Each structure stands twice: as structure tokens, then as C-alpha cells.
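Numbering (UniProt numbering), first residue to last: 1 to 294.
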């Protein structure tokens, strides 16, 4: 698939599960901005581009000068760093490099952190760092996952999201179910339903510097919204138990981009019908783009 086609597929799959933003874009080219459905976290958003990523192994000679410069100048909102994904000592030791190279900053978002112990998680919590937890992928690849209970106890800001396509779930809402199962059956219910839902919503926007722009239903913030069918009396349990057919509407920046056919057609007659397994939805990608928008 071309970059734009792959992006559309990945975004629509995630949007169908209620995502309004994604991290891990397949391209940095602004040529594909016009094809976007959801926000791409590491690209331009809200007039700035202060989020960085590093997926490759953190080696001892990595200076990360742009991270240090951004941290000192205030032009760093978040640094998504794939670190300590494995469960062996060499994976854990990557954190030592992070510290030795003066890169343990409050804006860091450690993706995985599967090999980290209490000592590392305590240090991460002390600087106000975050951890992106992907239990589905961890369990499939390693048979174990991050010590998320200790991360919580040490004050780490916890986010939940799927890993890459081959071993991750297709949306944050799906990943939330694995996290909930692990919490109930392995951890002994360390997290409340509210805390789990925070990990796919407000914890993320707070970690990436978007809290002044979106992430909450509040006057003056961008309307990035998900409307779910109601089938549980507790709203947070309702989110955890919801599946794709329960997503009634997804709105990004005030624009309805996906949802039930009747709702979408009531707002725009130029929608594309999408047939799922046992359910039908509609998407709208016909809104006018803004050339060179940031």
C-alpha cells in the first residue's frame, strides 16, 4: 500500500474502535495530511510540532540533543521512546543509558517498559514521566507484560494503547479489554474502571501537552468526541465493555467522521457505507481540507 492508503486503513480501523488520535504514523510527509481522519500525534497539531519519537534501540552513544534542547527551551511536549520492550537484563539496561545520557526528562513516554523494575519505574515517576502500556502485544511476544501495578504505585502516568499491527489490538478500546482482564485476573483489581478509562483518554492528552487544546468536554477545547451506545449503568464500565458496533459517532475537531448510518446521513449525504461483521457504519471524508494547515 502507498503511505496514504496504509494511513487511511490504519486510521479507519482505529476510528471504528473509537480512537480520535493515533501515534506511529507511517509517514512524515505533509502530502498525506488531506487523507487524515484522526489526529496523528507526532505530526503538526494545534499549530506546533513538539512531539518526537524513537523506535530503534537506544544505544550508549545516542546523544538525543534535540530532546535536551527541546526540554530546556520549552519546545518539547512529548518524546515517545520504545524502551525495555523485552524481559531480559539487556532490555532493562536500556534505562541505564537513558539516565547516563541525561535523557530521563518529564516529557518522556516510555513505550512498553516491559523489562523495567521498581527502581526504574520509581525514577520515571520522580521526573513525571509516562508509560504507554500495550499488554496484548507484550503477552503475545513475551508471555508477560510490564509491571504496571508498580508503575502506578510509583506515580508514573499510565497510558494504554495498542502496539503495532502484527501483535497489537486494533484500537485503544480493544486494548483496554486486555488491560482490564489482566487487572482483574492477575493484579487483583489494582485499577478502578475510571482509572482504566483515564488511561485511554485524559492521561494521554496530559502527557503530550494537549490538555489546553482537547481531551475533555469543555468549552473552548477542540471537540474530539466518541459517542457509545449505553448498555451498562456505570459509564466507565460501559466504555471498557464496548465493542465496535457500540461506537455510534466519532467526531474529530468538531467534524463527524464515523458512526451510525442514520446519524451520519442526517449531517451529510456524501458518506461511504462500511459493512462490518454483523453491523453497518458510515464514514465521511469529504470535508474541505486546508492547504498547508498546521
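Beta carbons: idealized from backbone N, C-alpha and C, even for Gly.
Remember, it's a predicted structure, so these values are computed and weren't measured experimentally.
| Item | Value |
| --- | --- |
| Excluding the 5 residues preceding and the 5 following residue 205 in the sequence, name in chain order all residues of the same chain whose CB lies nearer than 7 Å to its CB. | 211, 214 and 215 |
| Beta-carbon separation of residue 158 and residue 105 under 8 Å? | no |
| In whole angstroms, what separates the C-alpha of residue 95 from that of residue 120? | 7 Å |
| Grab me the residues of residue 250's own chain with a C-beta within less than 7 Å of its C-beta, minus the 5 sequence neighbours each way, in chain order. | 15, 18, 20, 226, 257, 258 and 259 |
| Residue 107 and residue 78 - do their beta-carbons sit closer together than 8 Å? | yes |
| Thinking C-beta only, is residue 282 closer than 8 Å to residue 264? | yes |
| From 85, 54, 82 and 50, pick the residue whose C-alpha is nearest to that of residue 69; which is it? | 50 |
| Only counting the same chain, and skipping five residues up and downstream in sequence, which positions put a Cβ closer than 6 Å to that of residue 279? | 245 |
| Given 8 Å as the limit, is there contact between the segment 84-93 and the segment 113-132, that is, 3 or more CB pairs closer than that? | yes |
| When the Cα atoms are used, what is the spatial distance from residue 125 to residue 161? | 19 Å |
| Who pairs with residue 249 in a beta bridge, going by DSSP? | 227 and 259 |
| How close, in whole Å, do the beta carbons of residue 207 and residue 254 come, if the pair is a contact with beta carbons under 8 Å? | About 23 Å separates the two Cβ atoms, so there is no contact after all. |
| Among all the DSSP beta bridges, which residues are the ones paired with residue 68? | Residue 68 is not bridged to any residue. |
| When the Cα atoms are used, what is the spatial distance from residue 5 to residue 11? | 10 Å |
| Is the number of C-beta pairs between the segment 224-239 and the segment 190-197 that are closer than 8 Å three or more? | yes |
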